[in-house]
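Structure first, commentary second.
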Amino acid sequence: MPILFLVIFVVMGSFAMLLPSIMFVLKNLGASEAWATPILASYSFAQFLTGPYWGKVSDRWGRKPVLIGGLILAACAYGFIAFWADSVLHMHMSLVLAGACAGNSAVLYAAVTDITGREGRAKGMGIMGAGVGLAFTIGPAIGAILSGVSAEAADITAPAAVSALACLAGACIVAIWFKETLHRESDGAPETHTGRIAAFLKVSAKPALMQLAVAMCFFTLALSMMEAIMSYLMNARLGWGPKDLGIMFSYFGVVLIVVQGGLVGRLARRFGEERLALAGVSMMGVGLAVIALSMSTLGVFVGLGFISAGTGIYNTSVLAVGSYHSGKLGRGLTMGVFQSMQALGRSVGPLIVGLLYVAQHELPLFVGCAVMVVLFAWLLVIFRRLQVGEAARDTMLTSQGGAQSS
37 MPILFLVIFV VMGSFAMLLP SIMFVLKNLG ASEAWATPIL ASYSFAQFLT
87 GPYWGKVSDR WGRKPVLIGG LILAACAYGF IAFWADSVLH MHMSLVLAGA
137 CAGNSAVLYA AVTDITGREG RAKGMGIMGA GVGLAFTIGP AIGAILSGVS
187 AEAADITAPA AVSALACLAG ACIVAIWFKE TLHRESDGAP ETHTGRIAAF
237 LKVSAKPALM QLAVAMCFFT LALSMMEAIM SYLMNARLGW GPKDLGIMFS
287 YFGVVLIVVQ GGLVGRLARR FGEERLALAG VSMMGVGLAV IALSMSTLGV
337 FVGLGFISAG TGIYNTSVLA VGSYHSGKLG RGLTMGVFQS MQALGRSVGP
387 LIVGLLYVAQ HELPLFVGCA VMVVLFAWLL VIFRRLQVGE AARDTMLTSQ
437 GGAQSS
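In my numbering, the protein residues as written are 37 to 442.
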């Protein structure tokens, strides 16, 4: 688990280091506010496309070689950003490659399910979530220091170079110390079909499970819309630059660490993952509304606190529920689809948020609130269907066992 924690920190922290400056850099290179957000979305869209492939390939060949390959390719992408990306097109191409490599985060979550039982699954996911939180605490802080003070002077060379070195170091750590977690004799034979479409079709065979994956997409869509416009919104409203954005993202990460590293496991044992997921949706809605209506730094940070805590609770809980119901599909494949749906949300959100922001600066936040209201009601239906399906499966197994004994 410590190695998995470290690798998720490297994968997410490498991208997080770019966040304080990348939107300003794109604007300085000539991208409009409406076009800069879709360019940022290319990172997540590439992650969406590749997530099931990474998870599926790791089910066949093992977690270790897939992790090493992804980290080496990511180092190449960040190195290109640092030393050769001098246009909007170059930045776009580099983000696509980096996002494709980030799709192997599904392999990390699959490895967690390899080494944790049902009782410890939420805790394991929480530890990984804490790694993400730490990445979004330290990453933006380093990026802010290296990116410059003002929006006009924002630079991405040094943060991208550090990201490339971090990915190379992560690949070395996995190669030397990581022990393979996939045990084929217990996990079943590897699947014979690969690919994103095949993965989605397999998960779709369990409709409630697929709906839960889609729910991940909608939650992440609302989150990504907020993240994509915060640079421009806070610059217009409060005059923030890369340094201020670094502080904001670091604060977001600290809350994630506290929630996912110390609270979510105990809360799951007491209240259950389903109730926690509903609480996370509620907190997200409240946080988005507070930021939309607040005109002060204090109000913004209060709203961010709700959003960060809600994100940590929701993601950890839903991933744990998804792994419980993966069954014979394979945890790697299921986690790949769930992570891919998160990436889809991160792709669609920035694609549409630029136009919403141009129409009215706070409109993306209000749209996110509306999405949370609908999602809360939908989750109630999904969890009920999953419970009914689990009860039916247990009844069938009990009847089969009785027939065999007789």
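C-beta atoms are modelled at their ideal positions from N, C-alpha and C, and glycine is treated no differently. Note that the structure is a prediction, hence the values are computed from the model and not measured.
Cβ pair residue i, residue j closer than 8 Å
i: residue 82; j: residue 171; result: no
i: residue 210; j: residue 418; result: no
i: residue 287; j: residue 340; result: yes
i: residue 358; j: residue 245; result: yes
i: residue 389; j: residue 261; result: yes
i: residue 412; j: residue 318; result: yes
i: residue 296; j: residue 166; result: yes
i: residue 169; j: residue 65; result: no
i: residue 347; j: residue 259; result: yes
i: residue 42; j: residue 111; result: no
i: residue 55; j: residue 176; result: yes
i: residue 255; j: residue 350; result: yes
i: residue 414; j: residue 249; result: no
i: residue 338; j: residue 173; result: no
i: residue 109; j: residue 137; result: yes
i: residue 49; j: residue 202; result: yes
i: residue 68; j: residue 135; result: no
i: residue 44; j: residue 144; result: yes
Backbone secondary structure at residue i - three-state DSSP
i: residue 123; result: coil
i: residue 150; result: helix
i: residue 331; result: coil
i: residue 60; result: helix
i: residue 276; result: coil
i: residue 271; result: helix
i: residue 192; result: coil
i: residue 216; result: coil
i: residue 309; result: helix
i: residue 80; result: helix
i: residue 67; result: coil
i: residue 238; result: helix
i: residue 296; result: helix
i: residue 361; result: coil
i: residue 140; result: coil
i: residue 396; result: coil
i: residue 187; result: coil
i: residue 227; result: Note on residue 227: pLDDT 42, under 50, position unreliable in the model; no value is reported.
i: residue 54; result: coil
i: residue 37; result: coil
i: residue 221; result: For residue 221, the pLDDT reaches just 47, beneath the cut-off of 50, and the residue's location in the model is therefore unreliable, although a value from the coordinates is still provided. Helix.
i: residue 98; result: coil
Same chain only: Cβ atoms within 6 Å of residue i, ignoring 5 sequence neighbours per side
i: residue 84; result: 376, 379, 380, 383
i: residue 133; result: 113
i: residue 142; result: 87, 90, 91, 371, 372, 375
i: residue 116; result: 130
i: residue 279; result: 180, 185
i: residue 121; result: 127, 130
i: residue 405; result: 321, 324, 325
i: residue 285; result: 55, 172, 176
i: residue 139; result: 83, 86, 87, 90
Beta-carbon contacts of residue i that lie in its chain and below 8 Å, excluding the five residues immediately before and after
i: residue 273; result: 331, 397
i: residue 76; result: 58, 59, 62, 131, 264, 386
i: residue 37; result: 148, 151, 160, 163
i: residue 98; result: 216, 218
i: residue 221; result: Any reading at residue 221 is ruled out, since the residue's pLDDT is 47, under 50, leaving its predicted position unreliable.
i: residue 342; result: 319, 320, 322, 323, 326
i: residue 422; result: 244, 245, 248, 357, 361
Nearest-angstrom beta carbon gap, residue j and residue i [assumed within contact, 8 Å]
i: residue 195; j: residue 183; result: 6 Å
i: residue 70; j: residue 394; result: 5 Å
i: residue 361; j: residue 242; result: 7 Å
i: residue 207; j: residue 107; result: 4 Å
i: residue 325; j: residue 354; result: That belief does not hold up - the Cβ atoms of residue 325 and residue 354 are roughly 22 Å apart, past 8 Å.
i: residue 407; j: residue 257; result: 7 Å
i: residue 328; j: residue 401; result: 4 Å
Sequence-distant residues of the same chain with beta carbon closer than 7 Å to residue i, five excluded per side
i: residue 229; result: At residue 229, the pLDDT of 38 sits below 50, so the modelled position is not reliable; the number obtained from the coordinates is stated separately. Cβ neighbours of residue 229 beyond the five flanking positions: none.
i: residue 193; result: 118
i: residue 100; result: 210, 214, 216
i: residue 282; result: 56, 176, 177, 179, 180
i: residue 303; result: 312
i: residue 315; result: 349
i: residue 309; result: 158, 353, 356, 357
i: residue 333; result: 274
Neighbour flag for residue i against chain D, beta carbons, 8 Å
i: residue 69; result: No chain D appears in the structure shown, which is made up of a single protein chain.
beta-carbon residue i near the ligand SAH non-hydrogen atom, thresh 7 Å
i: residue 311; result: Inclusion of the ligand SAH in the displayed structure is not the case, the ligand content being empty and no account of it being possible.
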